[in-house]
Amino acid sequence: MNLEPKSTFSDREFDEVTTHKPNDTESYYDRGIAYYEKREYDKAIADFSQVIKREPDHADAYYSRGNVYRDETDFDQAIADYTKAIELKPDYVEASYNRGKLYDEINAYNKAIGDFSTMIKHEPEHADAYNYRATLYSHKGEYDRARELFRSLSGKSKSRGGRF
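For the sequence shown, counting from 1, position 53 maps to 59 in the working numbering; every step adds exactly one.
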């Protein structure tokens, strides 16, 4: 999924579009991405929240706002937004991946394993999901299960860009 802004508008141009076309939800989304990339997190959150207010089923806005909260280390809010994105789009592997990593960060290993298992279900060639899942079993102290999963990884082709 490409979450880059769909245009190379300047802040002023984005402001003009949102002023003259206030119902153009995607302009708010694109501007939110631009603010996120510039680490202007408060502005990014405001724009993603505006998108969500206008289109409550906009999974990408929840995902992107979750990324902002993650970068601000507000893990509870990030997890809530990733969860909503997944509810709206159950095969949203990027949201499952990011939420799984946050669950690992807060030692919620079973929830993290669930997210990486969901990823594998939707994208069976996603090497990172297998690797994270095996590592999580190790974190839980289930070393035999972790070893078994790591061994199964060695039988697969080498990872290329997160895929086997």
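The beta-carbon is built from N, C-alpha and C at its ideal position, and this holds for glycine as well.
Looking at the backbone, the Cα of Tyr115 and that of Ile85 are separated by about 14 Å.
Excluding five sequence positions before and after Lys146, the CB atoms of its chain that fall closer than 7 Å to its own CB belong to Tyr115, given in chain order. The C-beta distance from Tyr34 to Asp66 rounds to 12 Å, too long to meet the 8 Å contact threshold. By the CB criterion at 8 Å, Ala101 and Tyr109 fall outside the cutoff.
If you draw a straight line from the Cα of Ala140 to the Cα of Tyr98, it is about 21 Å long. With a cutoff of 8 Å on beta-carbon distance, Ala135 and Tyr143 are scored as not near each other. At a Cβ-Cβ threshold of 8 Å, Asp87 and Tyr75 count as neighbours. CA-CA distance, Glu131 to Lys44, rounds to 33 Å. Within the same chain, Ala65, Asp66, Tyr68, Tyr69, Gly72, Tyr98, Ala101 come within 8 Å of Ala91 by CB-CB distance, once the 5 residues on both sides are set aside. His64 carries a coil assignment under DSSP once its states are collapsed to helix, strand and coil. In this structure Asp82 is not in contact with Gly106, their Cβ atoms being roughly 16 Å apart against a cut-off of 8 Å.
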